[in-house]
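Residue numbers (our numbering), protein chains in the order written: chain A, 1 to 297; chain B, 1 to 691.
Ideal placement from N, C-alpha and C gives every residue a C-beta, glycine not left out.
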Amino acid sequence: MIEIICSGLVATWRSIGNTLRLILRTWSGRIALPIVLLHLVLTLFGPWLAPYSPTAMPESIEQYQNLPPSLQFWLGTDQYGRDVLSRVMCGAGSLIATAGGGALLGIMLGAVVGMSSGYKGGRVDEVFMRVMDGLMSFPTLLLALLVLFTLGPSRFNIAATIGFVSMPAIARVVRSTTLSLKTMEFVQSARLRGESTFYIIFREILPNVLPVLGVEASVRFSYAILSVASLGFLGLGIQPPSPDWGLMISQSRRFLVIAPWVALAPMAAVASLVIGVNLLADGIRQATRMAKEEKHE
Amino acid sequence: MSEKRKDEIPLLEVDHLAVTFYTPHGTFHVVRDVSFTIQRGEVLALVGETGCGKSISAFAIVNYLLPFHPGESRVDGTILFEGKDLIAMPDSELHKLRGSRIAMVYQNPGTSLNPTMRVGLQMEEVLREHLGVESKQAHQRTVKLFDSVGLAEPDRIGQRYPHQLSGGMQQRVMIAMALACDPDLLIMDEPTTGLDVTTEATILDLMVDLKRRVNAGILFVSHNLGTVARVADRVAVMYAGQTIEQAPTSAIFKRSKHPYTTGLLQCVPQPPAEDRAGTKLRSIPGDTYAPEEGNLQACLFAPRCPMAQELCRTEAPEMLSVRDNQQSRCFFWNNVHKEIWGELEPRDEGLRESVEPVLSARNLRRFFGQWQRKYILFGPRVRLPVRAVTNIGFQVGTGRTLGIVGESGCGKTTVARLLVGLIPRQRGDILLRTEELAPLIEGRTDQQRAALRMVFQNPTTSLNPKLPARHAIVRSLQKLARLSGKDSRERAEELARAVRLEPAYLERRPEALSGGEQQRIVLAAAFAGEADLIIADEAVASLDVSVQAQVIKLLEDHQRESGTSYIFISHDLGVVRYISDDILVLYAGHIAESGPAECVLNIPSHPYTEALLSAVPVPDPDAMPTRIRLGGAVPTLRERFQGCFFAGRCPRKIGPICDNTPPPVNTGPDPPDHAIYCHIPPEELMKLQSD
């Protein structure tokens, strides 16, 4: 079983490298990659690159409170006199990790449910898909709020919740791809040589679902970022004083008139990340189409 | 044509046409050097294998290349239509020519018609658009045109939507539309390729008839030498984007002066002479010169040519005049004759006599769909199931080949799937020697799975596109021959060599292999478990003739060496006739006729077999087609047949007995295992058919 998963991973890695090469041939990909890379650098090295501590407050708050952008504080300071730039830089990590974890979990759950449902068909399919329909009929944010209220907000719970609520849409897409793959002769051949269902799903079908998953993953990731930010804004995300973009926007609301920079900086950060990820998704979509065309020639 | 003046300008003159596509993935020389002329009232056939550029050449004539490739394309050479250059012509003028003076018929009539419009309206639209005919007149013209292409009830057919017409009727409507404006040039791109052989025969008859009535030049693009022999006056053969030979039809088939043409003709299974043995099939070694490759200072066929010389590799031949009206692109055309590909070897019969059946099936039955009540819980039952396979039984002898023939929808693929257990049978038994097989593959033992293997029609989808070609073979060895990882890799290389592939090919992804190479990988995987019986479902249908011959030869060689039995399913009677020892003719889920091949193919035969045989296009222009044609369409199979399953279309129907009594089994005159399901006794059939 481990062997099956390992060889599956090798195939996955190869197709990722190939996709990356194709992404750079599209304009969306060329614009998106620097934006996403910048955010990635902030995620990994933000706390070291930040000029000030994101959480520590100066001794005389009044003196440093809500200062406009200057050479000393590039993006100004917030109500507690903390440097906004440092807080934005350090907030990237937790947001991207939580959103990424959530999206990844959603992809994995969705892929497994979708492939099993599509391949097995019949009653299994019926039960799985009706449950997914049920989940989909709830507004995403409301469902997430419900779960977080009962479980309590923590980074892990947020990621799990986002994974859970993004699963149905992914499962549907994967299921429809699996349905068309199932009728193909190579799947029939695998059945004829006596392969197990587990083998057919993970070794024969999964590599062919990956391109679809790649596109889905990027779309889901951008949704997840918005969800994490929204939950933070509503106070159900990462708790203060840790820097969190959603929370920062929510807290600076009251000072929007006198100190708009405190809210604008995290807003711009969220927006640019989402735009970057969406463009990247577009790039991946074009890349998979190009890969398909290459195959036809 | 002979009475026409010689100095008259030809209707269409294509000279040194070249089409190149520039794409992000490279440059493709799809058409390199194509020249031909068409006179008024003449049918020129453009033949060649997949990728030789025949369709693109045809589309280039009407400058219709955009839909094929979004990239940049470039057209060189000259295309003169009545002396006017079509390439230099402005688009607006060309647009006027298209549809009114030059008309096209495409391969797939199903997608060429607008599915949301009644066909009559579509026709009237063409008439109004191009000829400005009034509505009322347009309707009358439509009826007349539908009548002229042999559509039954021409005044009512216009009321139907495309999906309500059969494939043959759709193609007739397309031809009627093309004829609507009395075109001078008609371009037909594989007009019969998607159709069943009996429907194809009727469309070809229509073409022969049209040729006499319409004074238009017809460019007929096809890959099938048989259809070409039936309709064409002259033939231009293409290879790797070049016309390599051009001659009157009879000259092409009898005195070809290019090695490729002679080779191609020998790849098609010939109807055997008196004895069934006949001669071995021939194949052309190697692969076609791909469009990605640049133009060479050499003959492009030289790498595959048995008579290639130094000159062929250093200089590119032009079209050389062989005699009046025949040209060949070969320096040594004078030396070309049938034997350049070697002596035709007679087939050895080997171990074909056997008594013990390896597989026997009895009373197989499979219906699709379910009965439902009209209202929930109440009301009459409606929507009967499709009776795909009704009560079919047969035996396959050890080391023998059973051919199953029939048109699409006759149940042949369903039979294959029932045998291997991809779908469960609803009734009947399948015995592998003496063991009863479970209905589904999952319920069978590993030995049983290894004993019964299957090869599918489409090699591209038979291999996982994301995994190297090796995967299919290695996994089959591990699962069916119980080999360990290392042994299986070694054995896979042996198998690859057995199907004439270098082991390095095993590492490639399927997309990097040609169709023939893919199918050989699939065969190697099928041979892996040392199967007792291999079921090949249309295994060569999607391959070009030269490649098809390679695959058939591999199957033959394997059978001789290992004594494996085959069930060979095909709609192509020529191929089945070549490879089979026994033949089963299916129609509408029933057996029409079964028995040893030579009995089934000779008289007396079931009226359906007779119709099939006479519909097969023979690559010989002198072969007089037997005039038995089937009208109507294959029944829907939702009703149970009260009488004979073939009664609705039978040309030899004798009376009400055919409609209300199921036919008895009659055995032929000599061997007792020749069975004909017909009310007419064999002696009578014999008399009827020998006229």
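Checklist entry - How many angstroms separate the CA atom of A18(B) from the CA atom of I79(B)? => result A18(B) and I79(B) have their C-alpha atoms some 11 Å from each other.
Checklist entry - Count the other CB atoms within 10 Å of the CB of D133(A); is the residue buried (16 or more) or exposed (fewer)? => result exposed
Checklist entry - Which stretch, first to last residue, makes up the beta strand (DSSP E) that contains P357(B)? => result P357 to F368
Checklist entry - Any idea what DSSP makes of A240(B), helix, strand or coil? => result If DSSP states are grouped into helix, strand and coil, A240(B) belongs with coil.
Item to check | Identity of the residue in P266(A), L213(A), Q251(A) and I275(A) nearest R285(A) by Cα | outcome: L213(A)
Next on the checklist: Which residues in chain B have a C-beta closer than 9 Å to the C-beta of A11(A)? List them in chain order.
Outcome noted: K466 and L467
Checklist entry - Is S73(B) close to chain A, meaning its C-beta is less than 7 Å from at least one C-beta of that chain? => result no
Checklist entry - Expressed to the nearest angstrom, what Euclidean distance is found between the alpha-carbon atoms of L495(B) and N108(B)? => result 38 Å
Item to check | Residues, ordered as in the chain, of the segment 173 to 196 of chain A that lie near chain B by beta-carbon distance below 8 Å | outcome: Residues M184, E185, F186, Q188, S189, A190, R191, L192, R193, G194 and E195.
Checklist entry - Going by Cα to Cα distance, which pick from Y106(B), V231(B) and C267(B) is closest to V43(B)? => result Measuring from the Cα of V43(B), the nearest candidate turns out to be V231(B).
Checklist entry - Excluding five sequence neighbours on each side, which residues of the same chain lie with their C-beta closer than 7 Å to the C-beta of D15(B)? => result Only residues of its own chain outside the window of five on either side were considered, and among them S35, G77 and T78 have a CB closer than 7 Å to the CB of D15(B), listed in chain order.
Item to check | Three-way DSSP call (helix, strand, coil) for Q251(A) in this model | outcome: helix
Checklist entry - If we ignore side chains and look at the alpha-carbon of each, how far apart do V522(B) and A99(A) end up? => result The C-alpha of V522(B) lies about 44 Å from the C-alpha of A99(A).
Checklist entry - When Cβ atoms are compared, which residues of the segment 411 to 427 of chain B fall closer than 9 Å to chain A? => result R417, V420, G421 and L422
Next on the checklist: Give me the chain C residues within the contact set of L463(B), using Cβ-Cβ distance strictly less than 8 Å, ordered along the chain.
Outcome noted: The structure shown contains no chain C; its protein chains are A and B.
Next on the checklist: Within the continuous alpha helix (DSSP H) that includes H130(B), where are the two ends?
Outcome noted: V119 to L131
Next on the checklist: I'd like the span of the beta strand (DSSP E) that includes F36(B), first residue to last.
Outcome noted: G26 to I38
Checklist entry - So, is R175(A) buried or exposed, given that buried needs 16 or more other C-beta atoms within 10 angstroms? => result buried
Item to check | Where the beta strand (DSSP E) through V19(B) begins and ends | outcome: L12 to T23
Checklist entry - Which parts of the segment 274 to 353 of chain B are runs of the alpha helix (DSSP H), unbroken and 4 residues or longer, counting only runs that do not cross its ends? => result Listed in chain order, they are 310 to 314.
Checklist entry - What are the residues of the segment 205 to 236 of chain A that lie near chain B, defined by any Cβ-Cβ distance shorter than 8 Å? => result P207, N208 and L210
Item to check | Proximal residues, the segment 475 to 488 of chain B versus chain A, C-beta separation under 7 Å | outcome: R475, S476, K479 and L480
Next on the checklist: So if DSSP puts D85(B) in a beta bridge, which residue, or which two residues, is it bridged to?
Outcome noted: L80(B)
Item to check | As assigned by DSSP and simplified to three states, the class of G263(B) | outcome: In this structure, G263(B) counts as helix in the three-state DSSP scheme.
Next on the checklist: Which same chain residues end up closer than 6 Å to L127(B) when comparing Cβ atoms and leaving out the 5 residues on each side of it in sequence?
Outcome noted: V133, A138, R141 and A180
Checklist entry - How long is the line joining the alpha carbons of D85(B) and D189(B), rounded to whole angstroms? => result 22 Å
Item to check | Residue-level contact to chain A via CB, D446(B), 7 Å cutoff | outcome: Interface residue, yes.
Item to check | Bridge partner(s) assigned by DSSP for Y677(B) | outcome: V665(B)
Checklist entry - Since Q642(B) sits in a beta bridge, which residues does DSSP pair it with? => result Its beta-bridge partners do not exist; DSSP assigns none.
Next on the checklist: Here's the rule I'm using: 16 or more other beta-carbon atoms within 10 Å means buried, otherwise exposed. How should S570(B) be labelled?
Outcome noted: buried
Next on the checklist: My parser needs the alpha helix (DSSP H) runs of 4 or more residues fully inside the segment 416 to 495 of chain B; what are they?
Outcome noted: 446 to 451, 459 to 462 and 470 to 480
Checklist entry - So what does DSSP say about M57(A), is it helix, strand or coil? => result coil
Item to check | Pick from T20(B), A251(B), I441(B) and M169(B) that is closest to H337(B), judged by C-alpha positions | outcome: Minimum Cα-Cα distance from H337(B) among the listed residues T20(B), A251(B), I441(B) and M169(B) corresponds to A251(B).
Checklist entry - Under 7 Å, do L440(B) and G421(B) count as touching if we go by C-beta distance? => result yes
Next on the checklist: Within 8 Å, do at least three Cβ pairs link the segment 152 to 169 of chain A to the segment 479 to 498 of chain B?
Outcome noted: no
Checklist entry - Using 7 Å as the limit for Cβ to Cβ distance, is R449(B) near chain A? => result yes
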